[in-house]
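Colleague: The structure follows.
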Amino acid sequence: MTIGCPECGALADTSVLAGRTLARCRVCHYPLERASGRSVAAALACSLTTFVLLLPGNLSPLMTVHMLGAERSAELGSGIVVMWREHFELLAVILGLTGIVLPLARFSGLSLVLAAVLCGWRPRWLGRCYRWALWLDAWAMPDVYLIGCFVGYTRVTQELTGSIDAGGYCFIAAAFMSMLTRATLDRRTVWRAISPERRLRSGERVLSCTACDLVANVAQAGRPCPRCGLKLRKRKPDAVARAAALSVAAFVLAFPANLYPMTVSHQLGHDVSHRIIDGVSELFSAGLWPLGILIFCTSIAIPFMKLAGMAWFIASVLRRSGRHLRTKTFLYRLIDELGRWSNVDVFTIAAFVPLIRFDGLADARPADGATAFALVVVLTMAASRAFDPRLMWDAAQARRT
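Per this note's numbering: the sequence shown ends with 464, consecutive numbering throughout.
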């Protein structure tokens with residue numbers, strides 16, 4: 064039985080990989096198999112628990128703050144509603160999808176797939192549903208939203224008294240369970256349960272599915288993958304052009320995202336604007352240096368690291384460079400994994416803005432920099448997903464031949 068490495072395209076014999084707690088690709092060292100501490104039953108328990116906890120986490124108040132006898136409570140969607148009413152519709156849609164809608168869709172779909180696998184039920188749509196559940200992993204962000212809520216709550220309670228409500232505890236548990244779901248999910252075992260890999264014939268020319276790594280004859284190019292339903296292609300279409308266009312758009316928006324204010328606060332009759340760097344400075348001044356470092360890394364360092372990395376990958380393909388291929392492949396994997404965490408700062412705004420709504424005393428609202436920054440995060444994530452790291456290995460091989 065054979066699979067294709069999703070990062071370099073090398074073929075791997077699954078019979079050699081079987082039984083290892085961690086098996087890496089012989090060419091690029093991508094972790095093809097992770098068996099230690101993973102099981103379908105554990106992943107189902109974690110996924111289903113996450114979905115159940117997300118319901119009260121979305122509907123019940125998360126936290127409450129008090130000021131001069133008045134109090135304000137916030138649900139998970141309160142900040143998103145405020146953004147919509149303040150005419151930041153695009154920002155509200157991005158945060159509503161990544162923070163509320165897509166997590167519910169991911170964990171409901173994943174729970175259904177894992178339950179079907181355990182029960183031996185194999186409907187025709189199972190592979191497609193599992194492919195979408197895996198694709199949503201990067202875009203469903205309850206764990207990122209939790210960090211944003213924590214930073215927002217910490218900032219607010221520096222001057223006001225506050226408390227975490229029942230919905231907040233449910234959401235904290237749901238976010239942790241979502242991370243446990245990722246840690247316990249044995250992706251390869253689930254794919255094999257849906258449909259096992261095939262054995263290659265001697266001299267057969269093959270390609271591997273870009274979603275489930277199933278190997279198929281090159282004559283099937285353009286047809287749906289028999290396991291996950293994605294159209295079979297040797298490589299992602301127009302990967303370099305699409306990744307370059309998305310990266311350039313993100314680079315252009317990175318300047319207003321960092322130069323324009325993210326929020327505007329009304330205090331004692333005066334408007335005070337806050338840029339990303341201002342928020343970092345305030346956290347350091349308040350003695351919250353761990354949170355300051357976190358926001359600096361997620362909101363400033365990681366976005367620019369992603370842009371620099373994508374530029375390096377694209378240049379590598381265009382120049383047919385064969386240098387540091389393993390390093391570039393590892394960096395691509397890191398960028399693809401860390402991209403979602405840049406949304407912490409935007410989720411922080413969604414968390415604390417609805418809490419600072421004391422008419423005549425204090426008020427806070429999002430500003431133009433928040434929309435630009437959210438778009439930078441989305442575009443850089445889309446760029447890394449559009450790029451195909453196997454092209455770097457193809458280009459190096461073409462240069463050698």
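Where a beta carbon is used, it is the ideal one built from N, C-alpha and C, also for glycine.
Leaving out the 5 sequence neighbours to the left and right, which residues in its chain are closer than 6 Å to residue 435 when beta-carbon positions are compared?
Modeller: For the purposes of this step, residue 435 is taken as residue 372 along the sequence shown, with counting starting at 1. Result list for residue 435: 316, 319 and 320, in chain order.
Colleague: Going by beta-carbon coordinates alone, are residue 328 and residue 337 separated by less than 9 Å?
Modeller: Here the question's residue 328 lines up with position 265 in the sequence shown. Here the question's residue 337 lines up with position 274 in the sequence shown. Taking 9 Å as the Cβ cut-off, residue 328 and residue 337 qualify as a contacting pair.
Colleague: For residue 95 and residue 105, what's the separation of their Cα atoms in angstroms?
Modeller: The count along the sequence shown starts at 1 and reaches residue 95 at position 32. The count along the sequence shown starts at 1 and reaches residue 105 at position 42. So the two alpha carbons sit approximately 20 Å from each other.
Colleague: With DSSP collapsed to three states, give me the class of residue 419.
Modeller: For the purposes of this step, residue 419 is taken as residue 356 along the sequence shown, with counting starting at 1. Residue 419: coil per DSSP, three-state reduction.
Colleague: Residue 149 and residue 428 - do their beta-carbons sit closer together than 9 Å?
Modeller: Residue numbering aside, residue 428 sits at position 365 when the sequence shown is read from its first letter. Residue numbering aside, residue 149 sits at position 86 when the sequence shown is read from its first letter. Cβ distance < 9 Å, so residue 428 and residue 149 count as in contact.
Colleague: In terms of alpha-carbon separation, which member of 195, 249 and 123 lies closest to residue 102?
Modeller: Taking the first residue of the sequence shown as 1, we reach residue 102 at position 39. Comparing Cα-Cα distances from residue 102 to each of 195, 249 and 123, the minimum goes to 249.
Colleague: Which of helix, strand or coil does DSSP assign to residue 273?
Modeller: Residue numbering aside, residue 273 sits at position 210 when the sequence shown is read from its first letter. In the structure shown, residue 273 sits in coil (DSSP, three-state: anything other than H, G, I, E or B).
Colleague: Identify the residues that DSSP records as bridge partners of residue 126: which are they?
Modeller: Reading the sequence shown from its first residue, position 63 is the one you call residue 126. According to DSSP, residue 126 bridges with 137 and 227.
Colleague: Please classify residue 443: does DSSP put it in a helix, a strand, or coil?
Modeller: Taking the sequence shown and counting its residues from 1, the one referred to as residue 443 is at position 380. Residue 443 falls in the helix class under three-state DSSP.
Colleague: Is residue 361 helix, strand or coil when you go by DSSP?
Modeller: Counting from 1 along the sequence shown, the entry for residue 361 is found at position 298. Residue 361: helix per DSSP, three-state reduction.
Colleague: Report back the beta-carbon spacing between residue 177 and residue 107 to the nearest angstrom; my notes put them in contact at under 8 Å.
Modeller: Looking up residue 177 in the sequence shown gives position 114. Looking up residue 107 in the sequence shown gives position 44. With 8 Å as the limit, residue 177 and residue 107 qualify as a contact, their Cβ atoms being about 4 Å apart.
Colleague: Can you tell me which of the three DSSP states residue 67 falls into?
Modeller: On the sequence shown, residue 67 is found 4 positions in, with the first residue counted as 1. Correct three-state label for residue 67: strand.
Colleague: Identify the continuous beta strand (DSSP E) that holds residue 459 and give its terminal residues.
Modeller: Numbered from its first residue, the sequence shown carries residue 459 at position 396. Looking at the DSSP string, residue 459 is not in any beta strand (DSSP E); the run it does join, the alpha helix (DSSP H), is 453-463.
Colleague: By the 10 Å Cβ neighbour count, where 16 or more other Cβ atoms means buried, how is residue 191 classified, buried or exposed?
Modeller: On the sequence shown, residue 191 is found 128 positions in, with the first residue counted as 1. Buried is the call here.
Colleague: I'd like the span of the beta strand (DSSP E) that includes residue 336, first residue to last.
Modeller: As a working mapping, residue 336 is identified with position 273 in the sequence shown. Start and end: 333-337.
Colleague: Leaving out five residues before and five after residue 189 in sequence, what residues of the same chain have Cβ atoms less than 7 Å from its Cβ?
Modeller: Translated into positions along the sequence shown, residue 189 becomes position 126. Correct list, in chain order: 176, 179 and 257.
Colleague: Taking a contact to mean a Cβ-Cβ separation below 9 Å, would you say residue 158 touches residue 409 in this structure?
Modeller: Position 95 of the sequence shown, counted from the first residue, corresponds to residue 158. Position 346 of the sequence shown, counted from the first residue, corresponds to residue 409. In contact: residue 158 and residue 409 (Cβ atoms closer than 9 Å).
Colleague: Decide if residue 222 is buried, meaning its Cβ has at least 16 other Cβ atoms within 10 Å, or exposed.
Modeller: In the sequence shown, counting from the first residue as 1, residue 222 sits at position 159. Burial call: exposed.
Colleague: Name the DSSP beta bridge partners of residue 160, please?
Modeller: Stepping through the sequence shown from its first residue, residue 160 is reached at position 97. DSSP, once it has assigned bridges, lists no residue as partnering residue 160.
Colleague: Which residue's Cα is closest to the Cα of residue 194: 294, 406, 447 and 460?
Modeller: For the purposes of this step, residue 194 is taken as residue 131 along the sequence shown, with counting starting at 1. When only C-alpha atoms are compared, the closest one is 294.
Colleague: Do you know how far the Cα of residue 344 is from the Cα of residue 384?
Modeller: On the sequence shown, residue 384 is found 321 positions in, with the first residue counted as 1. On the sequence shown, residue 344 is found 281 positions in, with the first residue counted as 1. Spanning the two alpha carbons is a distance of roughly 41 Å.
Colleague: Run the CB neighbour count on residue 120, radius 10 Å, all protein chains shown included, and call it buried at 16 or more, exposed below.
Modeller: Here the question's residue 120 lines up with position 57 in the sequence shown. Buried, by the Cβ-count rule.
Colleague: Measuring only the C-alpha atoms, how far is residue 407 from residue 234?
Modeller: If you number the sequence shown from 1, residue 407 lands on position 344. If you number the sequence shown from 1, residue 234 lands on position 171. Those two C-alpha atoms are separated by around 16 Å.
Colleague: For residue 287 and residue 382, what's the separation of their Cα atoms in angstroms?
Modeller: Position 224 of the sequence shown, counted from the start, is the residue given in the question as residue 287. Position 319 of the sequence shown, counted from the start, is the residue given in the question as residue 382. For residue 287 and residue 382, the distance between alpha carbons rounds to 33 Å.
Colleague: Evaluate residue 182 with the Cβ neighbour count: other Cβ atoms within 10 Å of its Cβ, from every protein chain shown; 16 or more gives buried, anything less gives exposed.
Modeller: Position 119 of the sequence shown holds residue 182. Answer is exposed; the Cβ neighbour count stays below 16.
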